[in-house]
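Engineer: Okay, handing you the structure first.
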Amino acid sequence: MNKLVSSVKEAVRLSGLKDGMTISFHHHLRNGDFVLNMVLEAAAELGIKDLTVNASSLFEIHAPLVEHIRNGVVTGLETDYMSGTVGRAISEGVLAKPMVFRSHGGRPADIESGQSPIDVAFIAAPTSDNMGNCSGKYGPSACGSLGYAFADAMYAKKVVVITDNLVDYPLHDFSIPEIYVDYVVQVDRIGDPAGIVSGTTRITRDPVGLVMADYAAKVIDASGLLKDGFSFQTGAGGASLAAAKYLKDIMLRKNIKGSYGMGGITGYMVDMLNAGCFQSLLDVQCFDLGAVQSIRENPAHMEVSASHYASPIAKSAAVDSLDVVILGATQIDTDFNVNVHTDSNGYIMGGSGGHSDTAAGAKMAMIIAPLSRARLSIVVDHVLTVSTPGSTVDVLVTQKGIAVNPARGDLREQLVAAGLPVVDIHELKARAEKLTGIPRPLELGDRVVADVRYRDGSIIDHIYQVRS
Amino acid sequence: MRRSMLFLPGNNPNMLQNGDILGADAIILDLEDAVSPDEKDAARILVRNAIRTLDYQGCEIIIRINAVDDTGFWKEDLDEVIPLKPDLIMPTKVSGAEYVRQVSRYMEEVERRNGMEPGTVKLIPLIETTLGVENAFEIARSDPRVVAMFLGAEDLTADMRCVRTKEGSEIAYARSRMVSAARAAEIDVYDTPFTDVNDDEGLVADARLAKSLGFSGKASISPRHVSGINQVFSPTEKEIAYAREVLAIIEEAKAQGKGAVSLHGKMIDKPIVTRAQQVLAMAAAIGGGVQA
Chain D
20 MNKLVSSVKE
30 AVRLSGLKDG
40 MTISFHHHLR
50 NGDFVLNMVL
60 EAAAELGIKD
70 LTVNASSLFE
80 IHAPLVEHIR
90 NGVVTGLETD
100 YMSGTVGRAI
110 SEGVLAKPMV
120 FRSHGGRPAD
130 IESGQSPIDV
140 AFIAAPTSDN
150 MGNCSGKYGP
160 SACGSLGYAF
170 ADAMYAKKVV
180 VITDNLVDYP
190 LHDFSIPEIY
200 VDYVVQVDRI
210 GDPAGIVSGT
220 TRITRDPVGL
230 VMADYAAKVI
240 DASGLLKDGF
250 SFQTGAGGAS
260 LAAAKYLKDI
270 MLRKNIKGSY
280 GMGGITGYMV
290 DMLNAGCFQS
300 LLDVQCFDLG
310 AVQSIRENPA
320 HMEVSASHYA
330 SPIAKSAAVD
340 SLDVVILGAT
350 QIDTDFNVNV
360 HTDSNGYIMG
370 GSGGHSDTAA
380 GAKMAMIIAP
390 LSRARLSIVV
400 DHVLTVSTPG
410 STVDVLVTQK
420 GIAVNPARGD
430 LREQLVAAGL
440 PVVDIHELKA
450 RAEKLTGIPR
460 PLELGDRVVA
470 DVRYRDGSII
480 DHIYQVRS
Chain L
-12 MRRSMLFLPG
-2 NNPNMLQNGD
8 ILGADAIILD
18 LEDAVSPDEK
28 DAARILVRNA
38 IRTLDYQGCE
48 IIIRINAVDD
58 TGFWKEDLDE
68 VIPLKPDLIM
78 PTKVSGAEYV
88 RQVSRYMEEV
98 ERRNGMEPGT
108 VKLIPLIETT
118 LGVENAFEIA
128 RSDPRVVAMF
138 LGAEDLTADM
148 RCVRTKEGSE
158 IAYARSRMVS
168 AARAAEIDVY
178 DTPFTDVNDD
188 EGLVADARLA
198 KSLGFSGKAS
208 ISPRHVSGIN
218 QVFSPTEKEI
228 AYAREVLAII
238 EEAKAQGKGA
248 VSLHGKMIDK
258 PIVTRAQQVL
268 AMAAAIGGGV
278 QA
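Below is the structure:
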């Protein structure tokens, strides 16, 4: 049996890809990914039209996708997060039918349940053998975890592995086994290492960010959740990482032995693991070289699939055991609904990723954001796009005060008792608007350009075309 | 109670709007060196609006004005900010008593013009020339508005024609003279900023040195240094415990009609009692002590 084929184009042809089918991609190569563009170019050359692209996330490097949409090669789009040129083009209405946003947990759930069938999955693999046993931990384009690719590999009708580091059979320590793989293609490069992982993710030096981080760590300390067995997720943003650093100091000072750290993993979480703050890390995605090295070398640093991370239909997922998650926001409204999809002009600039999954699962979901950004208040009456429902958000930390969801009176009392500056969310909004003023409401078009699906599959909001 | 004073550029809206959350006991809104001559107007307006709009809760406001010279910037600065009743004005390059009085007289004029009680706004002269250092005592006693002095070592070392070092041996004399002059005049005295914003350990060492020399606190040009300064200039839990013991034994002695008392084998005299009272007053102001 020979799975090795000579080119991406040949693999596309052999996979039986036809007009109207759905192809899928993972985003572990982030803004260094060459594979999605490579595959679409091959499909375009073969004259294939009307494809739906289901990618776990899209970045600036995927800008050529817009041209494929204009030429009719791609007519459908599904993703969990999208930044850069593609987001702008979708907002301006380049795609005739609404695209679909899911969460990182909702995507594998829909793939597994058959709600979102995939015809051909193209899996960028930093290392693979000729039968398709593959891993992200090794090779010149190493990205660490391949967590988002598991559902695609297991449930797509055809699976093509694309690698730039073909090794002898059998690859040891593989992530995805050959049993799912139809074809293997070797190419020169699957990505640009500089865009795949950062060298070192640094915590912010911005004094305002550090104040928020300090509050965030103190809120966690005061919440009663910070004790032996504690589990935690934070983002890779500057203030979120700084919060992790302050939290680490508290955990070491109080000799607290946590259970697990989770999420997109950075060197800071690795430091916490190595310092004994956690027993293990559950890693669906690596953000920097420190994380990639750790997942390769430390058995306590474990790769998990997106389903294991956050699926709402799994018998259990790791988010269900999570104590605390720190999340960002572009807007939060006075009902604590959070927007991470659109910017203040209505353009798509992000997506839920694991935002709504972890907020739903965690015992305390904390939003951390500066009170105003670009002369606009973060706190508004109604968010432009509901990404995460307010019923799952417990507390907002800003540099000017901390607002607790009224549903969490218990938490509010704990924070007040700890001497933290707790303020009503309406008061925070008023304080911000005293400085920024109240912006004119944004006028958007009537046409829906994106449906935002909550993790349970329901449509939680629509995103409308911007007015040019 | 003023341990830390943080400089914020008067032309930086982002810093100004967050001035109250950076942990400093006082913020110095700078209209002088941080602002280029063609931006003086804009900075004055921004600072004015910031004070009007923002609620710098629990944070003392100091405005650093331009030096008394023929540009007249210093008068325009005072015209703009005195009506907002800042706690203190920091005149710069102060060389002697008359310099302070000149500023004070103009402040009085502006205060009267705005229906304010003359003398409402106080002064913290910035001493940053050799002449200023030599005249430190007369500056300290020059005007009732003067409640503190502040040493600026960057300009001073240029005037001294020596290199400014991290260790600071070149400013040892200026530091000691300033402390002595200020204490003789019974006013507060503040140490020069530590300028390497990336050296947290160096900052703490420099602040400890300033405290050991008798400074009331220290200025900072970086928000990152504020907590280190506050830590150094806060009483420790051990100091607070000792101060409580001192006051308790004094009370006891009074009740028993004893004259001289001793604690842990050491004579307790008036300066020790005064010091204990200061420590407890400060501890009350910051809500407790810090770990040693």
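Protein chains in written order, with this note's numbering: chain D, 20 to 487; chain L, -12 to 279. Positions of the beta carbon are idealized from the N, C-alpha and C atoms, including for glycine.
D:His481: which of D:Asn358, D:Ser250, D:Gly155 sits nearest, CA to CA?
Structural biologist: Your numbering for residue 481 of chain D matches position 462 in the first sequence. The option with the nearest alpha carbon to D:His481 is D:Asn358.
Engineer: Decide yes or no for the touch test of the stretch 95 to 112 of chain D against the stretch 454 to 472 of chain D: beta carbon pairs closer than 8 Å, at least 3 of them.
Structural biologist: At 8 Å Cβ cutoff, the stretches touch.
Engineer: Buried or exposed: which applies to D:Met281, given that a residue is buried once 16 or more other Cβ atoms fall within 10 Å of its Cβ?
Structural biologist: Within the first sequence, residue 281 of chain D is the residue found at index 262, counting from 1. When all chains shown are included, D:Met281 counts as buried.
Engineer: For L:Ala159 and L:Ala84, what's the separation of their Cα atoms in angstroms?
Structural biologist: Mapped onto the second sequence, residue 159 of chain L falls at position 172. Mapped onto the second sequence, residue 84 of chain L falls at position 97. Each residue's alpha carbon lies about 23 Å from the other.
Engineer: If you run the structure through DSSP and keep just helix, strand and coil, what is D:Lys267?
Structural biologist: As a position in the first sequence, residue 267 of chain D is number 248, starting the count at 1. The answer is helix: DSSP assigns D:Lys267 an H, G or I state.
Engineer: Can you tell me which of L:Ile208, L:Ser209, L:Phe181 puts its alpha carbon nearest to the alpha carbon of L:Ser196?
Structural biologist: For the purposes of this step, residue 196 of chain L is taken as residue 209 along the second sequence, with counting starting at 1. Note that residue 196 of chain L is Leu in the sequence shown here, rather than Ser. That would be L:Phe181, whose Cα lies nearest to the Cα of L:Leu196.
Engineer: Kindly list the residues whose CB is nearer than 6 Å to the CB of D:Arg121, restricted to its own chain and excluding five residues on each side of it in sequence; keep chain order.
Structural biologist: In the first sequence, the residue the question calls residue 121 of chain D occupies position 102. Here the set comprises Asp99, Arg472.
Engineer: When the cut-off is 8 Å and only beta carbons count, does D:Pro226 lie next to chain L?
Structural biologist: Along the first sequence, one-based indexing puts residue 226 of chain D at 207. So, interface residue.
Engineer: Give the interface partners of L:Ile273 over in chain D, defined as CB-CB distance under 9 Å, in chain order.
Structural biologist: On the second sequence, residue 273 of chain L is found 286 positions in, with the first residue counted as 1. Neighbours of L:Ile273 on chain D: none; closest Cβ ~12 Å, over 9 Å.
Engineer: Would the C-beta of D:Arg208 count as close to the ligand ZN, meaning under 7 Å from any of its heavy atoms?
Structural biologist: Among the ligands in the structure shown, none appear at all, so the ligand ZN cannot be discussed.
Engineer: Please classify D:Thr285 as buried or exposed, where buried requires at least 16 other C-beta atoms within 10 Å of its C-beta.
Structural biologist: The residue given as residue 285 of chain D occupies position 266 in the first sequence. Result: buried.
Engineer: Is the stretch 238 to 251 of chain D touching the stretch 340 to 355 of chain D in the sense that three or more CB pairs, one from each, lie closer than 8 Å?
Structural biologist: Yes, the stretch 340 to 355 of chain D is in contact with the stretch 238 to 251 of chain D.
Engineer: Nearest to L:Glu188 by alpha carbon, out of L:Thr179, L:Phe137, L:Arg211, L:Ala235?
Structural biologist: Here the question's residue 188 of chain L lines up with position 201 in the second sequence. Measuring from the Cα of L:Glu188, the nearest candidate turns out to be L:Arg211.
Engineer: Along the chain, where does the beta strand (DSSP E) containing D:Gln484 start, and where does it finish?
Structural biologist: Here residue 484 of chain D is taken as the residue at index 465 of the first sequence, counted from 1. Start and end: 478 to 485.
Engineer: So is L:Asn101 in contact with chain D if we call contact Cβ pairs under 8 Å?
Structural biologist: Walking along the second sequence from the start, residue 101 of chain L turns up at place 114. Chain D, which has no Cβ nearer than 8 Å to the Cβ of L:Asn101, makes this no.
Engineer: Determine the chain L residues that contact D:Leu454 at a beta-carbon separation under 7 Å, and present them in chain order.
Structural biologist: Locating residue 454 of chain D in the first sequence gives position 435, counting from the first residue. Gln4, Thr40, listed in chain order.
Engineer: Please check if any C-beta of chain L sits within less than 8 Å of the C-beta of D:Gln418.
Structural biologist: As a working mapping, residue 418 of chain D is identified with position 399 in the first sequence. D:Gln418 counts as touching chain L.
Engineer: Which full runs of the alpha helix (DSSP H) of 4+ residues lie inside the stretch 123 to 161 of chain D, going along the chain?
Structural biologist: The stretch 123 to 161 of chain D contains these whole alpha helix (DSSP H) runs: 125 to 132.
Engineer: Below 8 Å, how does it come out for the stretch 262 to 273 of chain D and the stretch 80 to 89 of chain D: are there three or more Cβ pairs, yes or no?
Structural biologist: With a cut-off of 8 Å, the stretch 80 to 89 of chain D and the stretch 262 to 273 of chain D do not count as touching, because too few Cβ pairs lie within range.
Engineer: Helix or strand or just coil, what does DSSP make of D:Met288?
Structural biologist: As a working note, residue 288 of chain D is residue 269 in the first sequence. Reduced to three states, the DSSP call for D:Met288 is helix.
Engineer: According to a CB-to-CB cut-off of less than 7 Å, which residues of the stretch 188 to 207 of chain L neighbour chain D?
Structural biologist: Listed in sequence order: no entries.
Engineer: Nearest-angstrom Cα distance between L:Leu138 and L:Ile14?
Structural biologist: Mapped onto the second sequence, residue 138 of chain L falls at position 151. Mapped onto the second sequence, residue 14 of chain L falls at position 27. Approximately 16 Å, taken between the alpha carbons.
Engineer: Decide if the stretch 173 to 184 of chain D is in contact with the stretch 192 to 203 of chain D; the criterion is three or more beta carbon pairs, one per stretch, under 8 Å apart.
Structural biologist: They touch, by the three-pair rule.
Engineer: If you draw a straight line from the C-alpha of L:Val97 to the C-alpha of L:Leu65, how long is it?
Structural biologist: Numbered from 1 along the second sequence, position 110 holds the residue referred to as residue 97 of chain L. Numbered from 1 along the second sequence, position 78 holds the residue referred to as residue 65 of chain L. L:Val97 and L:Leu65: Cα-Cα distance of roughly 7 Å.
Engineer: If we cut at 8 Å on Cβ distances, does D:Val230 have a partner in chain L?
Structural biologist: Reading the first sequence from its first residue, position 211 is the one you call residue 230 of chain D. For D:Val230, the answer is yes, since a Cβ of chain L falls inside 8 Å of its Cβ.
Engineer: For D:Ala115, which residues in the same chain have their Cβ closer than 8 Å to its Cβ, ignoring the five residues on either side in sequence?
Structural biologist: On the first sequence, residue 115 of chain D is found 96 positions in, with the first residue counted as 1. Thr94.
Engineer: L:Leu190 and L:Gly215: beta carbons closer than 8 Å?
Structural biologist: Position 203 of the second sequence, counted from the start, is the residue given in the question as residue 190 of chain L. Position 228 of the second sequence, counted from the start, is the residue given in the question as residue 215 of chain L. Yes, they are a contact pair.
Engineer: Give a yes or no on contact between the stretch 47 to 55 of chain D and the stretch 218 to 238 of chain D, applying the rule of three or more CB pairs nearer than 8 Å.
Structural biologist: Not touching, per the Cβ criterion.
Engineer: Among all the DSSP beta bridges, which residues are the ones paired with D:Glu97?
Structural biologist: Within the first sequence, numbered from 1, the residue matching residue 97 of chain D stands at position 78. Answer by DSSP bridge pairing, in chain order: D:Asn73, D:Val119.
Engineer: Going by beta-carbon coordinates alone, are D:Val58 and D:Val27 separated by less than 8 Å?
Structural biologist: Translated into the one-based positions of the first sequence, residue 58 of chain D becomes position 39. Translated into the one-based positions of the first sequence, residue 27 of chain D becomes position 8. In contact: D:Val58 and D:Val27 (Cβ atoms closer than 8 Å).
Engineer: With distances taken Cα to Cα, identify the nearest neighbour of L:Gln264 among L:Val108, L:Pro(-4), L:Ala235.
Structural biologist: Start at 1 with the first residue of the second sequence, and residue 264 of chain L comes out as number 277. When only C-alpha atoms are compared, the closest one is L:Ala235.
Engineer: Quick one: grab the DSSP three-state call for L:Ile174.
Structural biologist: Along the second sequence, one-based indexing puts residue 174 of chain L at 187. Looking at L:Ile174 - three-state DSSP - the assignment turns out to be coil, as it is neither helix nor strand.
Engineer: Under 8 Å between beta-carbons, which chain D residues line up against L:Arg211? List them in chain order, please.
Structural biologist: Taking the first residue of the second sequence as position 1, residue 211 of chain L is located at position 224. What L:Arg211 touches in chain D: Arg224, Pro226, Leu229.
Engineer: I need the DSSP call for D:Leu300, collapsed to helix, strand or coil.
Structural biologist: Locating residue 300 of chain D in the first sequence gives position 281, counting from the first residue. Residue state, collapsed to three classes: strand.
Engineer: In whole angstroms, what separates the C-alpha of D:Val323 from that of D:Ile332?
Structural biologist: The sequence position of residue 323 of chain D within the first sequence is 304, counting from 1. The sequence position of residue 332 of chain D within the first sequence is 313, counting from 1. If you take the alpha carbons of D:Val323 and D:Ile332, they lie about 16 Å apart.
Engineer: Look at D:Asp138 and D:Met40 and say whether their C-beta atoms are less than 8 Å apart.
Structural biologist: Here the question's residue 138 of chain D lines up with position 119 in the first sequence. Here the question's residue 40 of chain D lines up with position 21 in the first sequence. Taking 8 Å as the Cβ cut-off, D:Asp138 and D:Met40 qualify as a contacting pair.
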